[in-house]
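Protein chains in written order, with our numbering: chain A, 192 to 478; chain B, 630 to 1183. Virtual Cβ for every residue (Gly too), placed ideally from N, Cα, C. To start, the structure under review is shown below, and the notes come after it.
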Amino acid sequence: MNLCKNIIIPAATVLLLALLLTRCDKIDPPYLEDVYFEPADTSRTVLVEKFTGHLCPNCPEAAAEAHQLKDIYGHNLIIISVHAGFFSRTQSAPYDSDYTTSAGDALDNHFGFQSYPIGLVSRQKPGGQYRMNVAEWSYYVDSLANDPPAAMLDLNISFNASTRQTDITVNGSFLKDLPGDYNLAIVITEDSIISAQKNNNPQLGDTPDIDPYVHLHMLRTAVNGTWGEHLITAPRKDQPIPEKTYSYTLKDQWEESNCMVIAYIYRYDDACGTELEVIQAAQQAIQ
Amino acid sequence: MQKVTVITVLILCWAFNPMHAQQPGRLGGNMEMNFQSYSPDSAIGADTVRERVAIQSFANLIYNRGNLEVGARYEIYGPPLTGIDVDYEGHGIAHRYLTYRHDLIELTAGHFYEQFGSGLTLRSYREWALGYDNAIDGLRVRIKPGRGITLTGVAGRHRNYWRSSPGIIRGVDGQVHVNRLLPFLEESKTIIMVGGSFVSRFQEDRSLIYKIPENVGIYSARADVIRGGLRFSGEYASKINDPSAVNGFIYKPGEAFLAELMYTRRGMGITLTGKRMDNMSFKSDYNATGIPLEINYLPPLSPQHSWELANVYPYATQPNGEMGLLGSIYYMFPRNSTLGGKYGTRLTVDYSRIHDIHREAPTDTTTVGQPGTLGYTSDFFKTGDKLFFRELSIGLEKRINPKWKVDLKYMNTLYDPLIKGDAGHDLVRANIAIAAIYFTFMPGHSLKAELQSLTTDQGELHEKDYSAGDWAMVLLEYNHGGYFLNVRDLYNHRNPSAGIDALHYLSFAAGVTRGAHRLALSWGRQREGISCVGGVCRPEPAASGFGITLTSNF
């Protein structure tokens, strides 16, 4: 009896282990999915706000991931690189350029990010939190890009090269009945800023510094404030978006041919800012 | 959270039900409260903290009656101290459980902590100072089906701040005390214990880019052999493909080997530990980075120090690969010998050396660590070119007479900043010398003086590193009847970072211990650095302000 107890039970345990072993999923090459995206006639454009800094050694990986997604989703994905927080501090050369903005600082403080890189994907809040690790972006970008859009957003830009004045007109229409309040935010980003960037990944460039590094999608300013301005309450299907116009004079050090204007409409829960989902976004080059 | 609260209330109602009054139980617990105010102090890199003050606290309540135990822990972070993840902000019942114990079986429902073997396959634990808690919320069964046999099964999800991990953890462990199982070995002087475990994680494949295995398993086998003062323990673990944010989405299986040989006799002990870890991070969320949600635990292979300047360059376990050795010797020179003197002298020597593992590109067309590939191949017995860490430390503890005692320590450390995530920097060579003098000048009254020095050979740094350069520290502490009072000056007298001048980090602390209760007050500057416990590390931002810590057991 003791023998049974002492032999059979351990044997059963080994069997249990073996059974559990068979449940593992062995993946054979190729390890990459065949990814493609076919936009519908009217698609939702996804906004990825990537929080970064030139002193953040893991941020080039996030930039590479964002570009991989941009290659797949094209116009249906807009990226804003927000330089803010600890990793965006200025230091001695080559890290003496200040890429922070008051809007970026305000967003960083609002969302309470501590570790970089981190991002927001159309300010979705799965599981109750806004922050998304880099590896999570693709799932949410894909699911949102395949969502039917709640609004159509048209963005028209007129640029005066002599005065550098940029006139922005936003209009469009809602495609669904929606509850709550909505804000419209307009920001300007700039591509191809050459500067140094900390890097920990030898796959992506020199370590510890990639110099020169090409910074893309850098947030330069929020034209109508960090949180934009109130647009509409409880819009109905087919209701036009109230036309909005803005003028902004580009700073001299910004290269206009690398600048983009981005407009996005998002739910704005004025009570405590708990619902901030971006329902539609659009971007247009200044030149 | 509402559901959790209801369950907890039901359990507590049951526990305190007067119908059970004839079976009196026992209520116990403990609590800790940490308060810190923050003043902006640009000289030391202490940023403005919006809330100005932070407070975090917990209280554990445990009630035992007969075979049953119920427990709950309330936590509040409003907000957490700087350095602790802000995702903890909030309050509520973070931990609750019910345990039934019998001779043959133990059953726990709710949150629990568990470790299989040395933790290579599973370890859930809590480290308040790190802000680390990966308790499993689920079910645990432990059975003892025969003499010397213990089987443990677990299933559940990790605590993930105030949420649960996306991955489900399932695991079994078996431990056999061979001498108890086999009667003919019962009287043997050689004690043998063997064990094995298997743990798997299920998480939905939500990657658009990579083919993610939804069921990832890790198994291990281990043995402990003890004879007299000699002990050998070893464990080998292997993990199947587990592409994750930590390993850069590579598909190479992981493996780990840990072995320790120890010899002890009166007045002497020798320990030799070796380990090799290859791609062994295993989390309950393949997207997670940083310290949360670790299913397994990779023990550190560097000596743990309590001295301030000995922790400026702490070693953090490198989950993607490391191999090394740690040798430790202590010897007590006997009393009334030439070196032992009247009270004996204790000598400790530790030597630790940790390398990267060897890596080669798996094919001609891919590079080492390329995402979406096998990643690399590695020769088990070959070290990589990179030396992460090397440390020699020699310590001497000597009581001179009933009033005077001296601790001396010297450390020579070589440290690759890659350990804390800064790739491509020069190795830091540090020399650390420490002297602590204890003086009891009348019964119940004692003084302690600590003198510490750290020098490095770092050249000029472009970025600001408030931990870099040469340091000195003086601490004076007075103790009497459970009260203590100390003053400390930590002096960064040379910092090679551009823009950082010599800096004093002056602080004062006072406190009292009464039975199981301790109150400590502090005021001053805290340097920026890294805080580590057991090879798990988090950044510790600079701070300046007033602090209160209260701990209590009841």
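Residues of chain A with CB under 8 angstroms from residue i, in chain order?
| i | result |
| --- | --- |
| Asp919 of chain B | The question names Asp, but residue 919 of chain B in the sequence shown is Gly. Those are Ser306, listed as they occur along chain A. |
| Tyr839 of chain B | Tyr222, Leu223, Glu224 |
| Ala1127 of chain B | Gln282, Ser283 |
| His987 of chain B | Residues of chain A passing the Cβ test: none, with the nearest at roughly 16 angstroms. |
In chain order, what residues of the same chain have a beta carbon less than 8 angstroms from the beta carbon of residue i, not counting five sequence neighbours either side?
| i | result |
| --- | --- |
| Asp397 of chain A | Asn390 |
Go through its chain and collect everything with a Cβ distance to residue i's Cβ below 7 angstroms, but skip five positions before and after it.
| i | result |
| --- | --- |
| Gln356 of chain A | Ser438, Thr440 |
| Ser1126 of chain B | Leu1090, Glu1092, Lys1093, Asp1094, Ala1097 |
| Ser762 of chain B | Going by the sequence as given, residue 762 of chain B is Asp instead of Ser. Excluding residues within five positions, the ones whose Cβ falls inside 7 angstroms are Arg755, Arg788. |
| Trp148 of chain A | Nothing in the structure corresponds to residue 148 of chain A, since chain A is present only between 192 and 478. |
| Gly1013 of chain B | His984, Asp985, Ile986, His987, Arg988 |
| Arg148 of chain A | As shown, chain A starts at 192 and ends at 478. That puts residue 148 of chain A outside it, with no answer to give. |
| Arg1184 of chain B | In this structure chain B extends from 630 to 1183, so residue 1184 of chain B is not present and cannot be described. |
| Gly1073 of chain B | His1109, Gly1110 |
| Ser329 of chain A | Leu260 |
| Met630 of chain B | With a pLDDT of only 48 at Met630 of chain B, under the threshold of 50, the placement of this residue in the model should not be trusted; the figure read from the coordinates follows. Closer than 7 angstroms at the Cβ level, and outside the excluded window around Met630 of chain B, lie Gly721. |
| Glu256 of chain A | Val325, Trp328 |
| Arg894 of chain B | Gly858 |
| Asp402 of chain A | Pro285, Ala387 |
| Ile1129 of chain B | Lys1093, Tyr1095 |
How should residue i be labelled, buried or exposed, when 16 other C-beta atoms within 10 angstroms of its C-beta is the threshold for buried?
| i | result |
| --- | --- |
| Lys868 of chain B | buried |
| Leu194 of chain A | Low confidence applies here, because Leu194 of chain A scores a pLDDT of 47, under 50, leaving its location unreliable; read the following figure in that light. Per the 10 Å Cβ criterion, exposed. |
| Gly319 of chain A | exposed |
| Glu989 of chain B | exposed |
| Thr992 of chain B | exposed |
| Arg1019 of chain B | buried |
| Phe911 of chain B | buried |
| Ala885 of chain B | buried |
| Pro433 of chain A | exposed |
| Glu420 of chain A | exposed |
| Phe1070 of chain B | exposed |
| Trp1100 of chain B | buried |
| Gln474 of chain A | buried |
| Thr286 of chain A | The amino acid at residue 286 of chain A is misidentified as Thr; the sequence shows Tyr. Classification for Tyr286 of chain A: buried. |
| His258 of chain A | exposed |
| Lys1038 of chain B | buried |
| Glu1169 of chain B | buried |
Mind pulling the chain A residues with CB within less than 7 angstroms of residue i?
| i | result |
| --- | --- |
| Gly767 of chain B | Result: empty, since nearest Cβ-Cβ is about 16 angstroms, beyond 7 angstroms. |
| Ala1052 of chain B | Pro248, Asn391, Thr398, Pro399 |
| Tyr880 of chain B | Ile218, Tyr222 |
Among the residues of its own chain, which have a CB less than 6 angstroms from the CB of residue i, if the five just before and after it don't count?
| i | result |
| --- | --- |
| Ser448 of chain A | Gln478 |
| Gly707 of chain B | Ile684 |
| Phe278 of chain A | Gly244, Leu246, Cys247, Tyr307 |
| Ile820 of chain B | Asn808, Ile855 |
| Lys1015 of chain B | Asp985 |
| Val828 of chain B | Thr750, Leu751, Gly800, Ile847 |
| Asp1036 of chain B | Glu1026, Ala1065 |
| Lys1034 of chain B | Arg1028, Tyr1067 |
What does residue i touch in chain B if you count any residue whose Cβ is under 8 angstroms from its own?
| i | result |
| --- | --- |
| Lys217 of chain A | Pro842, Ile869, Asn870 |
| Gly303 of chain A | Val715, Glu718 |
| Gln259 of chain A | Ile838 |
Name the chain B residues that come within less than 9 angstroms of residue i, Cβ to Cβ?
| i | result |
| --- | --- |
| Val325 of chain A | Ala874, Asn916, Thr918 |
| Asn449 of chain A | What Asn449 of chain A touches in chain B: nothing, since even the nearest Cβ is about 27 angstroms away. |
| Tyr330 of chain A | Arg835, Ser836, Leu837, Asn916 |
| Gly319 of chain A | Trp791, Arg792 |
| Asn300 of chain A | Arg679 |
Taking C-beta pairs closer than 7 angstroms, name the residues in chain B that residue i reaches, listed in chain order.
| i | result |
| --- | --- |
| Asp333 of chain A | Leu837 |
Exercise for review: Quick one: which residues of the segment 671-699 of chain B get their C-beta closer than 8 angstroms to a C-beta of chain A? List them in chain order.
Suggested key: Asp676, Arg679
- In chain order, what residues of the segment 997-1015 of chain B put their CB closer than 9 angstroms to some CB of chain A? Val997, Gly998, Gln999, Pro1000, Gly1001, Thr1002, Leu1003
3 or more residues per run - each beta strand (DSSP E) lying fully within the segment 1146-1178 of chain B: 1146-1155, 1158-1162, 1165-1169
field: Length-filtered (4 minimum) alpha helix (DSSP H) runs lying within the segment 223-307 of chain A
entry: 250-264, 293-302
Could you run through the segment 1093-1107 of chain B and flag, in chain order, every residue whose CB is less than 9 angstroms away from some CB of chain A?
-> Lys1093
Checklist line | Those runs of the beta strand (DSSP E) which lie wholly inside the segment 368-411 of chain A and span at least 3 residues | finding: 372-381, 384-389, 400-406
Using a Cβ-Cβ cut-off of less than 9 angstroms, give me the residues of the segment 278-298 of chain A that come near chain B, in sequence order. Arg280, Gln282, Ser283, Ala284, Pro285, Tyr286
Check distances from the C-beta atoms of the segment 844-860 of chain B to those of chain A and list, in chain order, the residues that come in under 8 angstroms.
Asn844, Val845, Gly846, Tyr848
Legend entry - Proximal residues, the segment 1073-1085 of chain B versus chain A, C-beta separation under 7 angstroms: none
Looking at chain B, which residues of the segment 370-395 of chain A have a Cβ within less than 7 angstroms of any of its Cβ atoms? Asn391, Gln394
* **Whole runs of the beta strand (DSSP E) within the segment 1112-1146 of chain B, excluding any shorter than 3 residues** => 1112-1123, 1132-1143
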